[in-house]
Amino acid sequence: MRLLAPLFLAAGLLVTDCASRDNPAPKTRSDAPIPLTASFKVEDYRGKVLLLNFWATWCPPCRGELPDLVRLHRDFDAGKVAVVGISIDDRGTPEQIQTKLRQALASYQIDYPIFFDNKMELYQAFGSFQAIPTTFLLDGQGQVRKVYEGARSYADFAQDIQSLLDSKKEEG
């Protein structure tokens, strides 16, 4: 885990503005572009337990755990726990991938933040892992506490999230 710390720090420093300033009309979730990971900052989730899920639309196990991730997002207090999806889709043009991601948002009723790692920078910052889905559980200080390679169930994630929340109560 200590080896991931520099990578995690690098991931947190990936900061640029990917929002389109040329389009004055607000977009709905279904037609808005999926933000790029360049706009993702771990610091935005400081103080919260963060479940960071790397996935792809073409990956059956990834799609299989999406309902559990949606449920986790809805069941845990948003002030204490955040679920974030990072798409590492690489099959198709950026426009085709954006379309596939928007379709997944609608099909699975995903209401937690999703980012598209179009340059694989966040993937590399987190160690270029081999299995997907791969999910990182981070504590409120941004430290990686657990890495899940492969799909997991609601119960697996919920138990570990609750353990981190309980340990935070004991400390504070």
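Using the numbering used here, the letters of the sequence shown correspond one by one to residues 306 to 477. C-beta atoms are modelled at their ideal positions from N, C-alpha and C, and glycine is treated no differently.
Requested in this report: Compare the Cα-Cα distances from residue 355 to each of 433, 379 and 449 and report the closest residue.
Outcome: 449
Query - Beta-carbon contacts of residue 466 that lie in its chain and below 8 Å, excluding the five residues immediately before and after - result: 354, 356, 377, 381, 386 and 442
Query raised in the report: How big is the Cα-Cα spacing for residue 430 and residue 422?
Result: 11 Å
Query - Sequence-distant residues of the same chain with beta carbon closer than 8 Å to residue 333, five excluded per side - result: Here the model assigns residue 333 a pLDDT of 39, short of 50, so the residue's position is not dependable and the matter cannot be decided.
Query raised in the report: Given that a residue counts as buried once 16 or more other Cβ atoms are within 10 Å of its Cβ, and exposed if not, what is residue 433?
Result: exposed
Query - CB contact flag (residue 345, residue 393, <8 Å) - result: no
Query raised in the report: For residue 439, which residues from the same chain have a beta carbon less than 6 Å from its beta carbon, with the 5 sequence-adjacent residues on both sides left out?
Result: 359 and 454
Query raised in the report: What's the C-alpha gap between residue 375 and residue 403?
Result: 20 Å
Requested in this report: Compute the Euclidean distance between the alpha carbons of residue 458 and residue 366, then round it to the nearest angstrom.
Outcome: 11 Å
Query - Short Cβ contact (8 Å threshold) for residue 397 with residue 415 - result: no
Report task. Within 10 angstroms of the Cβ of residue 350, are there 16 or more other Cβ atoms? Answer buried if so, exposed if not. Result -> buried
Requested in this report: Sort 347, 399 and 363 by Cα distance to residue 444 and report the nearest one.
Outcome: 347
Query raised in the report: Which of the three DSSP states, helix, strand or coil, is assigned to residue 384?
Result: coil
Requested in this report: Take the Cβ of residue 370 as the centre, count every other Cβ of all protein chains shown within 10 Å, and call the residue buried at 16 or more, exposed below.
Outcome: buried
Query raised in the report: Should residue 383 be labelled buried (16 or more other beta-carbon atoms within 10 Å of its own) or exposed?
Result: exposed
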